[in-house]
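In this note's numbering, the protein residues as written are 308 to 390.
See below for the structure under consideration.
Structure (structure tokens):
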């Protein structure tokens with residue numbers, strides 16, 4: 308959620324939040340549970356799970372922070388899953 312603040316966040320905070328997301332990135336998008344976690348289930352309810360509402364918020368937050376490449380990658384992976 309803080310990413311939605313975009314340029315109102317300090318750049319160091321933006322960078323830390325964005326880099327923290329990378330460990331959640333799967334072939335299908337951003338998982339709601341860290342794939343390295345013992346609680347992560349790759350074949351769980353909707354692949355991890357990966358949810359449309361949280362994906363949308365994260366993509367918009369990434370765009371607001373200028374991380375357009377990662378935002379597009381997450382959106383593309385999620386759309387491929389949904390298709």
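Virtual Cβ for every residue (Gly too), placed ideally from N, Cα, C.
With fewer than 16 other Cβ atoms inside 10 Å of its own Cβ, residue 327 counts as exposed. Per DSSP, residue 361 is one residue of the alpha helix (DSSP H) stretching across 359-371.
Separation of residue 372 and residue 321 (C-alpha to C-alpha, rounded to the nearest whole angstrom) is 7 Å. By the criterion of a C-beta distance shorter than 7 Å, residue 367 is surrounded in its chain by 311, once the five residues flanking it on both sides are discounted. Annotation: the continuous alpha helix (DSSP H) that includes residue 383 extends over 375-389.
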